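For the sequence shown, the positions run 27 to 164 when our numbering is used. Below you'll find the structure, written out as structure tokens, and then a few comments.
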Amino acid sequence: MNYIEQRVFLFNDTLRSNITMYRDYDLDEIENAVRLAGLKELVDRLPQHLETLVEGNGVNFSGGEMQRIAIARAILAKSRFIIFDEATANMDTALAREIEEIIMNLEHTGIIYITHHQSEELLRAADHVLTMKDWCIL
27 MNYIEQRVFL FNDTLRSNIT MYRDYDLDEI ENAVRLAGLK ELVDRLPQHL
77 ETLVEGNGVN FSGGEMQRIA IARAILAKSR FIIFDEATAN MDTALAREIE
127 EIIMNLEHTG IIYITHHQSE ELLRAADHVL TMKDWCIL
């Protein structure tokens, strides 16, 4: 199981290490996770690509980029279940919708998607929708 929250912890090491969490993966697997998480353009722009150093808890990345790094981690780990807790909150609307579509179409992965911003597309893609108000499921 993987849990992705709004605030992502990144450590001082390469972007590759922050995505792979020091596990061995084929480059194709890493690149696929990067692409699915919407990071390809960013990685291509970075001077050292995946070998770019992440500074003190990711200060050289925006909040949305950090969330996409966490999403790439989860995709790469091939978890059976992923909990996304406001995982697209720091992204612009168009990118958030694109990432949500990718997330909801991951094969062989159960998704629990927690959000305050429900789109029609996201609701249609869900098998079940639970709504909470005042700590109660409606």
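For every residue, glycine included, the Cβ atom is placed at its ideal position computed from N, Cα and C. Bear in mind the structure is a predicted one, so any value in this text is a computation, not a measurement.
Cβ-based burial, residue i [other Cβ within 10 Å; buried from 16]
i: T157; result: exposed
i: M27; result: exposed
i: G82; result: exposed
i: M92; result: buried
i: R49; result: exposed
Same chain, Cβ closer than 6 Å to residue i, neighbours up to 5 away in sequence not counted
i: M117; result: G90
i: G84; result: L36, M92
i: E31; result: D111
For residue i, the residue or residues it bridges with in DSSP
i: F107; result: G136
i: N28; result: I108
i: D39; result: V80
i: K159; result: C162
Separation of residue j from residue i, as counted between CA atoms
i: D160; j: V34; result: 26 Å
i: I137; j: R42; result: 24 Å
i: I129; j: R99; result: 13 Å
i: I140; j: I108; result: 11 Å
i: L53; j: L149; result: 34 Å
i: D39; j: A113; result: 22 Å
i: L36; j: E127; result: 25 Å
i: F87; j: I95; result: 10 Å
i: K104; j: L164; result: 32 Å
Residue i vs residue j beta-carbon contact at 8 Å
i: A63; j: I101; result: yes
i: V69; j: N44; result: no
i: L72; j: I56; result: no
i: D111; j: Y51; result: no
i: R106; j: T135; result: yes
Proximal residues to residue i (C-beta, below 8 Å), its chain only, five neighbours per side dropped
i: E124; result: G64
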